[in-house]
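Residue numbers (the numbering used here), protein chains in the order written: chain A, 236 to 487; chain B, 236 to 487. All C-beta atoms in this analysis are idealised placements derived from N, C-alpha and C, irrespective of residue type, glycine included.
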DNA sequence: TATTATTTGTTCGTATGTATT
DNA sequence: TAATACATACGAACAAATAAT
């Protein structure tokens, strides 16, 4: 077999054409995905099969696959195969950001889970954001929010312990963070600012969001304040970028 | 040589320890970078040298390097070497977003360049955002903004041709987009909304921003409106995520 | 439940091409 | 021009996760 005999029309790779073979394969598969080329279940052929089809080594296919996974077009699962990913949803960011309200408007189910709750000392970053003294006691709450059974956000938030005594127990009894805050007299709170960035995730964040480490995450660092403008929460929320887009509506 | 004789204390990799060797190397180098372990010029040893140090194949070092580059910790330059990357800057996003004002407040120089200007027909996405009919004529302006000589944003914007007749020539004569809009009577405009996401860049975007394709970019899709609320611009701006963070300040 | 086949993940080795110094 | 350093690609082997038998 000389070359590419099995390739579908218009999908042959070309060597020494200035553009790397694995990039050509990425491009071809990307186009086929966009054209719904892999049926309803969206399962791609195995790496070995694709290697035969394009008449290249499996490594070369793998490079293309890693890229497609990073772009969010497919998800790769060891022992199972490679699957086309569905589209993403909008997450509204504004003065009044509440997770559940946010998603129910878009016909998605939602659920929040507290992963851990610890009392620690504020490091300089946390202290500055909360306008308290470095080393003052804070509660660190780790949480995750799901939509339609899929993890959407993973967050670490810090609350000043002086104001919210025994916060973890209150969250437990009240059945949620917003409800718990109400018990301390915080009936309403608003977002002061949000700082947004994007990185490839650490292994911990990747695990929490159940994505692979080739897939970018957006992080949103923010401070919530009460009605009088006093900071009540500082935190960082991570979003799986293939599942969510952040929507900022200016004005009010 | 049995194993890791050249490794610095506490930096030996361990095989068959559940965690892949390349991940261990990534972790070690990441820690050394954070500790300013590579001097003022921030140049890492060559891949071959690192391979010897960790007593692994060069491929294994490369995997770690690709990850570090993707994380934005280092930049890899073919034929030169691998270098530690400096920190990032804040880009303010709000009702009144102007690039130059934005950065001058942070002691950075700034410059904008128009890369291309064409008259085309609006596709459905553009048409909907601008509240015009699909197929109506629009100007598509490609531009880039630099800060301190480094590309920060790459943007594609669309303006309705009916309202802004001969826009490219006006931009040329007025010496800038904001100035050109003023000549059409648009003395002030504001941002209506911004949709933010993150992906690994296409080759074109990577080239425009002069980053490699392992490095995530944030994209911001947005619509500007004039004083009467009529859309005057729809566009997508790409940011190199290792150089910028987006700052949203929610109204006072 | 245990075994086997399938599929992706990691690592080594080797060779060659391309960009920079 | 030569040396150095990164980029791409092939081949082989085994590990780990999953699915089917």
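Beta-carbon within less than 8 angstroms of residue 296/A's beta-carbon, same chain only, minus the 5 sequence neighbours each way: which residues are those?
257, 260, 282, 285, 286 and 289
In whole angstroms, give me the CA-to-CA distance for residue 425/A and residue 255/B.
43 angstroms
If we ignore side chains and look at the alpha-carbon of each, how far apart do residue 376/B and residue 459/B end up?
15 angstroms
Mind listing the chain B neighbours of residue 427/A? Cutoff is C-beta to C-beta under 7 angstroms, in chain order.
Within chain B, the residues near residue 427/A are 485.
Are there three or more Cβ pairs, one per stretch, closer than 8 angstroms when the region 301-310 of chain A is compared with the region 429-449 of chain A?
The answer is yes - the region 429-449 of chain A touches the region 301-310 of chain A, with three or more Cβ pairs under 8 angstroms.
contact_flag[the region 382-395 of chain B, the region 436-445 of chain B] where n(CB pairs < 8 angstroms) is 3 or more:
yes
In three-state DSSP terms, what is residue 328/A?
strand
Cβ of residue 433/B less than 8 angstroms from any chain A Cβ?
yes
Identify each residue in the region 442-454 of chain A for which the Cβ-Cβ distance to at least one residue of chain B is less than 7 angstroms, and report them in chain order.
451 and 453
Whole-angstrom C-beta distance between residue 328/A and residue 483/A, which should lie under 8 angstroms:
5 angstroms
Which residues in chain B sit within 7 angstroms of residue 328/A, going by Cβ to Cβ distance?
483
Where the beta strand (DSSP E) through residue 484/B begins and ends
479-484
Do residue 268/B and residue 352/B come within 8 angstroms of each other at the CB atom, strictly closer than that value?
Going by C-beta atoms, residue 352/B is not nearer than 8 angstroms to residue 268/B.
If we cut at 8 angstroms on Cβ distances, does residue 371/B have a partner in chain A?
So, not an interface residue.
Please work out which residues of its chain come closer than 8 angstroms, Cβ to Cβ, to residue 418/A, disregarding the five sequence neighbours upstream and downstream, and give them in chain order.
405 and 409
Residue 409/A lies in the alpha helix (DSSP H); which residues open and close that run?
From DSSP, the alpha helix (DSSP H) with residue 409/A extends over 402-409.
Drop a sphere of 10 angstroms on the beta-carbon of residue 465/A, count the other beta-carbons inside from all chains shown, and report buried for 16 or more, exposed for fewer.
Sixteen is the threshold: since fewer than 16 other Cβ atoms of the shown chains lie within 10 Å of the Cβ of residue 465/A, the residue is exposed.
Pull up the distance between the alpha-carbon of residue 461/B and that of residue 263/A, whole angstroms please.
If you take the alpha carbons of residue 461/B and residue 263/A, they lie about 42 angstroms apart.
Of the listed residues 356/A, 312/A, 421/A and 378/A, nearest to residue 348/A (C-alpha basis)
378/A
Counting only Cβ pairs nearer than 7 angstroms, list the residues of chain B close to residue 476/A.
Near residue 476/A (Cβ distances below 7 angstroms), the residues of chain B are 432, 433 and 434.
Residue(s) in a DSSP beta bridge with residue 419/A
None; residue 419/A has no bridge partner.
Taking the continuous beta strand (DSSP E) assigned at residue 390/B, which residues delimit it?
385-395
Alpha-carbon spacing of residue 456/A relative to residue 249/A, whole angstroms:
Roughly 45 angstroms separates the two Cα atoms.
Since residue 191/A and residue 433/A should fall inside the 8 angstroms C-beta cutoff, what is the C-beta to C-beta distance between them, to a whole number of angstroms?
No answer is possible for residue 191/A: it lies beyond the span of chain A, which begins at 236 and ends at 487.
Chain A contact residues for residue 496/B, given Cβ-Cβ distances below 7 angstroms:
This structure cannot speak to residue 496/B, because chain B is shown only from 236 to 487.
From residue 294/A to residue 318/A, what does the alpha carbon distance come to, in whole angstroms?
Computed Cα separation, rounded: 18 angstroms.
With 8 angstroms set as the bound, which would you pick, yes or no: does the beta-carbon of residue 480/B sit closer than that to a beta-carbon of chain A?
yes
Could you tell me the distance, in whole angstroms, from the CA atom of residue 381/A to the CA atom of residue 401/A?
26 angstroms
Identify whether residue 414/B lies in helix, strand or coil by the three-state DSSP scheme.
helix
Can you tell which of 420/A, 472/A, 481/A and 453/A has the C-alpha that lies nearest to the C-alpha of residue 463/A?
420/A
Just mark residue 414/B as buried or exposed, buried being the case when its beta carbon has 16 or more other beta carbons within 10 Å.
Label assigned to residue 414/B: exposed.
One question on the structure: do residue 367/A and residue 403/A come within less than 8 angstroms of each other, judged by their Cβ atoms?
no
Option in 435/B, 429/B and 278/B with minimal Cα separation from residue 312/B
Answer by Cα proximity: 278/B.
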